[in-house]
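**Student:**
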Amino acid sequence: MSTVTITLDRVGPCAYDATDALGNCMRLSGSAELDQQIRERLPDPSVFPQTLPPLENSGPGFRPMALLLISLAGCSALDLGLILARQRQDVRGVTIVAEGTRADATPAPYTHITLTFTACGPVDPVALSRAAELAVHKYCSVADTLKPEITVVTRVAELCA
Numbered sequence: 230m231s232t233v234t235i236t237l238d239r240v241g242p243c244a245y246d247a248t249d250a251l252g253n254c255m256r257l258s259g260s261a262e263l264d265q266q267i268r269e270r271l272p273d274p275s276v277f278p279q280t281l282p283p284l285e286n287s288g289p290g291f292r293p294m295a296l297l298l299i300s301l302a303g304c305s306a307l308d309l310g311l312i313l314a315r316q317r318q319d320v321r322g323v324t325i326v327a328e329g330t331r332a333d334a335t336p337a338p339y340t341h342i343t344l345t346f347t348a349c350g351p352v353d354p355v356a357l358s359r360a361a362e363l364a365v366h367k368y369c370s371v372a373d374t375l376k377p378e379i380t381v382v383t384r385v386a387e388l389c390a
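The numbering used here applies: residue 230 is where the sequence shown begins, and numbers increase by one.
1) I need the DSSP call for S305, collapsed to helix, strand or coil.
2) Does the Cβ of Q265 have 16 or more other Cβ atoms within 10 Å, making it buried, or fewer, making it exposed?
3) Closest by CA to D353, which one among L251, P338, T340 and D319?
4) What is the DSSP secondary structure of T374, reduced to helix, strand or coil?
5) Measure the alpha-carbon distance for G322 versus S358 and round it to whole angstroms.
6) So I342 and I379 are in contact, right, with Cβ under 8 Å, and what is the actual spacing, rounded?
7) Could you say which of I267, V326, S260 and D273 lies nearest to A302 if we only look at CA atoms?
8) With DSSP as the reference, identify every bridge partner of G322, one or two as the case may be.
9) What are the complete beta strand (DSSP E) segments, minimum 3 residues, inside the region 231 to 265?
10) Per DSSP, what kind of secondary structure is L271 in: helix, strand or coil?
11) Going by beta carbon distance, what residues of the same chain come within less than 6 Å of R292, once the five residues before and after it are set aside?
12) Indicate whether T234 and E328 have their beta-carbon atoms separated by less than 8 Å.
13) Assuming L207 and A360 make a contact with CB atoms under 8 Å, what is their CB distance in whole Å?
14) Give the C-beta separation of L388 and A348 to the nearest angstrom, bearing in mind that I take them to be a contact with Cβ-Cβ under 8 Å.
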């Protein structure tokens, strides 16, 4: 079995930069409407800039299965951001590490995916854990698209300052 790992880092209310072990990077973002909904509920909207500088893609390019992990983590991240904003949680940063284990076969689908959420700022850990579960298992369209036999697990790492 092989493992693919992707990391998403929050760079705006509704924007995340995705990177992989090969040095590839890309920006993922939600709609302008979602950005505004989250920004209006942030305890301190000045934490994130109004506009983000462009991100130059690097590396040889993402593999298709890595893009699936980015889509899953990104969809979950956007939902997580809105849930926590509605709860008025003061989230200063979010990192999501997506690890997917692939079958030793052809085709080689994911058999297990783990999403680990880390939030920075004065965030209630119970609220973060519940928001992560809801984001992935109730609201994420990408997770809902996966075959039911693919196990998707959410974990919350320790909060950072």
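All residues carry an ideal CB built from backbone N, CA and C; glycine is no exception.
**Tutor:** In this structure, then:
1) Secondary structure at S305: helix, using DSSP grouped into helix, strand and coil.
2) Classification for Q265: exposed.
3) D319
4) Helix at T374.
5) 15 Å
6) 7 Å
7) V326
8) BP columns for G322 point to C349.
9) 231 to 241, 244 to 249 and 254 to 258
10) coil
11) none
12) Contact flag set, yes.
13) Past the edges of the chain, shown from 230 to 390, lies residue 207, and the structure says nothing about it.
14) 6 Å
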